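These notes are about the structure you will find just below.
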């Protein structure tokens, strides 16, 4: 058996000969074994996400990152997404310290 890539996700495994052939044609079981599949984003999801994110770019570019997190001027949805700031866990994520 083997791991496949998103560009060629399938192979046919013939258990009688123990051969594996890339694609979906042939004698045997068709296998899809892309181990990074959960990290793949469909194009439409990526386009939507980038469109939403684009609205925040000016705010992110203007922010003064030299101030403490409590005074950092960011929209609430971005503030909630910040896990680490200046090398420290932000207040909403301090519970993670026990796992580190």
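Numbering (this note's numbering), first residue to last: 17 to 116. Note that CB positions come from ideal geometry on N, CA and C, so glycine has one too. These numbers were taken from a predicted model, which means no experiment stands behind them.
Classify residue i as buried or exposed, calling it buried when 16 or more other Cβ atoms lie within 10 Å of its own Cβ.
i, result
"residue 27", "buried"
Whose C-beta lies closer than 6 Å to the C-beta of residue i among residues of the same chain, with five residues either side of it excluded?
i, result
"residue 98", "106"
"residue 49", "19, 20"
"residue 84", "none"
Taking DSSP as the reference, what is the three-state secondary structure of residue i?
i, result
"residue 47", "strand"
"residue 71", "coil"
"residue 28", "strand"
"residue 81", "coil"
Leaving out five residues on either side along the sequence, give the residues of the same chain with a beta carbon under 7 Å from the beta carbon of residue i.
i, result
"residue 108", "96"
From residue i to residue j, what does the alpha carbon distance come to, in whole angstroms?
i, j, result
"residue 113", "residue 37", "47 Å"
Take every Cβ of the region 69-80, pair it with every Cβ of the region 88-102, and state whether three or more of those distances are shorter than 8 Å. As far as the Cβ criterion goes, the region 69-80 touches the region 88-102, which means the pair count is three or higher.
Kindly confirm or deny that the region 50-66 and the region 22-37 touch, where touching means at least three C-beta pairs closer than 8 Å. Segments in contact, yes.
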